[in-house]
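Residue numbers (our numbering): 173 to 1039.
Every residue, glycine too, gets a C-beta built ideally from N, C-alpha and C.
For reference, the structure is listed below as structure tokens.
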């Protein structure tokens, strides 16, 4: 408050006049113009005129603010904390249906209208702001309108005045009716829930339909393969091959749709396991080689030397991307070549970003279509669907998978001139190089002539040879090869090796070794590069000409090195079987099957008669004796009758499913193996199922199964699973230690939840106390050895042994109802099976601790019985 000017005091104004002057002084200060009073103090008329002008300006500004707030349906509020009075604009009250006198101008009147569930939140937000949290506050809550309905209000405010002590004295802000917006949000939420429900229903539907479709598909493909392995005339074989190719195409479409559905539903997760990058690329190329060579295409791949060889990631999904890109390149290329190159883009913190380029000389893609091909159900040209087939999902799935691997995919192409597809992905680095046998130092003195008319293949072969120390010359035709041979003879020298493309025109290809053979020269230093579509006839021709070594395109460095070693092997050490005879046609049913020394017993549990026939034939041809059970209950009955070396278990069956049957068989194993023979004997169980949604593999493993194959059953995959199971069950004996060293001698017998439940054991053994005691004694006798094996596997980083021991211990402790120990063993087993060695090792101490608790409990149990 300003004081009266000196001129005023000197005039000695009357008391009433002094009051007026003080009022004018305060009004000027409130208007923000204290200087105006001083300037006009000697001229009262001028002072009044100036104040009227200022007040008029403030009224206009207030009207503009009110108009702006009303147009936004906002209400202005002003809360005086000293008096509790709260001003609320009349227009806003009217918007809620209230007259001005119905809605009081105080805090209590406002809070009485707020929903009781929201009031604490509103009060909390305001008091937090008053305590100094944030420059302003915002809160949304429900407030009752005049008609009784609940309206959503958004309140925003801030402190605008403080007293002399700095405490808040006034808060100003706005109210806004956001009921309509909240309605939209609710509708969006409901729509989102409906969409998610529909997505789940779609995924479940596709999973179930996949199972239903795959079952008859298994019969079609399996019976067709069996028929193709019989005596057929050319016409019959052609019909059956058409049936099989059509069935394979249909199965591919089913897989694409299921994969796309899982990706869209967010249910596709990537694995994190160690894998060899050259092996993944090489195996993918070899799987597609037959199709490419049948079209006369050259297939070649290379991996830059700076690229890590052993990575941690998901090799199956990487292989799926490669398979799609390479398959498309072969499909849309009629002549020329398909090549792949992989190189490192960046490395940081133990991870690497790798770029893969797949190039072809095919039909190409128009510029305007290049951005569309990565969308679902899209083709660069709709006519390609009729000409080449396909769902239009392949590249869309590739894009999604690459994005999951933290990469991107793109294409550079020109119509009629081929395409370059590129994609990047991230992976962890395990090792920079694969451990290989040392290279013979004598190679550095050897000269090699590469006869290859494809420049890309010649370059890749030459680079590998130079890396191993060879001196390399390249001939692009038979004439150039003749010239190189004559030149070496002229200077009195000779090539130590010749690597020749078998499919070159004369005088290249087989014409070269034929001339040496006809002239009586030895051809054992000639290596022929064969195509997969003619390899059988070409391998026979190699043997006729005395060519000991050959290799099938596309070449991997290890294949080429093995062929060189075989070619350089002394004649007297020549093996009876040449490298060519190891190139087995993958389409044969016996592919990958190693016939056992004796006829092993297999229990096949399958309810579908067609699937029974297919699986039985596959196993019988591999030398197994097969017993068929139609459901899980029948499988249990057969298990009680005789001993089996292997069980193939379908998951979905009537009467009793595969999961339940496996659990029952594992329980009977405990009774049979431990109580009777004195040692644990596990029968390998491999799951067979067409239900391939996320989590199915884990369900099978948790039930006690040892491995998992999907339908339709592929012989190579089945025999690979059998081999994996056999290796995991192999154990190494070590010197045991006393269980007393593991368990606390002073541990009291405590019945703790999850440690053990011997009533469950008694039920399992039908109340036979002697068998229970025998089972406990056997477990305690073997526990020391098992723990030593487990600890040694941790020290040696032997993930397979860790997983096998954890699997065995899980079944063992389950007999005693030891839920905690079983859960600890399951954590170790799952981590080991996923290839997560560090996670498995970290989980081992917890397993040992639970085994200690269980062993202490069981030892005290035996001591009490003896007492």
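Query raised in the report: Of the residues 996, 595 and 1029, which one's Cα is nearest the Cα of residue 948?
Result: 1029
Report task. Find the nearest neighbour of residue 617 within the set 599, 644, 601 and 628, judged by alpha-carbon distance. Result -> 644
Report task. Find out if the Cβ-Cβ distance for the pair residue 647, residue 656 is shorter than 7 Å. Result -> yes
Query raised in the report: With a cut-off of 8 Å, do at least 3 Cβ pairs link the stretch 264-277 to the stretch 295-310?
Result: no
Query raised in the report: What did DSSP end up calling residue 765 once you bin it into helix, strand or coil?
Result: Summary for residue 765: the model assigns pLDDT 43, below 50, so the residue's position carries little reliability; its value from the coordinates is reported in the next sentence. Coil, per DSSP.
Requested in this report: With residue 324 as the anchor, note down where its beta strand (DSSP E) starts and where it stops.
Outcome: 322-334
Query raised in the report: Considering residue 349, what are the terminal residues of the beta strand (DSSP E) in which it resides?
Result: 340-349
Query raised in the report: According to DSSP, is residue 780 helix, strand or coil?
Result: coil
Requested in this report: For residue 615, name the three-state secondary structure that DSSP assigns.
Outcome: helix
Query raised in the report: Would residue 624 pass as a contact of residue 673 if the rule is Cβ separation under 7 Å?
Result: yes
**Report entry** With 16 other Cβ atoms within 10 Å as the buried cut-off, status of residue 638
**Finding:** exposed
Query raised in the report: Would you report the Cα separation of residue 772 and residue 546, rounded to the nearest angstrom?
Result: 49 Å
Query raised in the report: Do you know how far the Cα of residue 987 is from the Cα of residue 933?
Result: 6 Å
Report task. Indicate whether the contact test is met: 3 or more Cβ pairs, each with one atom in the stretch 592-600 and one in the stretch 468-479, closer than 8 Å. Result -> no
Report task. Classify residue 285 as buried or exposed, calling it buried when 16 or more other Cβ atoms lie within 10 Å of its own Cβ. Result -> buried
Requested in this report: Report the partner residues of residue 577 according to the DSSP bridge assignment.
Outcome: None; residue 577 has no bridge partner.
Query raised in the report: Do you know whose CA, among 632, 611 and 653, lies nearest residue 621's CA?
Result: 653
Query raised in the report: Does the separation of the CB atoms of residue 784 and residue 800 fall below 7 Å?
Result: yes
Query - For residue 447, the residue or residues it bridges with in DSSP - result: 483
Query - Residue burial classification, residue 752 (beta-carbon count within 10 angstroms, cutoff 16) - result: With a pLDDT of 31 at residue 752, under the threshold of 50, the modelled position of that residue is not reliable, and the figure given next carries that caveat. Its Cβ being crowded by 16 or more others within 10 Å, residue 752 is buried.
**Report entry** Cβ contact check for the stretch 965-979 and the stretch 997-1006: 3 or more pairs under 8 Å
**Finding:** yes
Query - The beta strand (DSSP E) enclosing residue 476, as first and last residue numbers - result: Neither: residue 476 is in no beta strand (DSSP E) and is coded neither H nor E.
Query raised in the report: What separation, rounded to the nearest whole angstrom, lies between the Cα atoms of residue 880 and residue 858?
Result: 5 Å
Report task. Determine the burial state of residue 969: buried for a count of at least 16 other Cβ atoms within 10 Å of its Cβ, exposed for fewer. Result -> exposed
**Report entry** Candidates 420, 318 and 575: closest to residue 396 by CA position
**Finding:** 420
Report task. Output the distance between the C-alpha atoms of residue 1015 and residue 525, rounded to the nearest integer angstrom. Result -> 30 Å
**Report entry** Any alpha helix (DSSP H) of 4 or more consecutive residues that is wholly inside the stretch 712-745
**Finding:** 729-739
Query raised in the report: Taking Cβ to Cβ, would you say residue 990 is nearer than 7 Å to residue 1003?
Result: no
**Report entry** Candidates 341, 251 and 792: closest to residue 347 by CA position
**Finding:** 251
Query - Proximity of residue 472 and residue 448 at Cβ, strictly below 7 Å - result: no
Requested in this report: Have a look at residue 337 and residue 256 and give me their C-alpha separation to the nearest angstrom.
Outcome: 19 Å
Query raised in the report: To which residues of the same chain is residue 718 closer than 7 Å at the C-beta, ignoring the five residues directly before and after it?
Result: 689, 694, 695 and 696
Query raised in the report: What are the start and end residues of the beta strand (DSSP E) that includes residue 504?
Result: Element bounds for residue 504: n/a, residue is neither H nor E.
Query raised in the report: By Cβ distance, which residues of its chain are closer than 7 Å to residue 600, with the 5 residues on each side in sequence left out?
Result: 483, 484, 485, 522 and 523
Requested in this report: Counting only the same chain and skipping the five closest in sequence on each side, list residues whose C-beta sits under 6 Å from that of residue 497.
Outcome: 530 and 593
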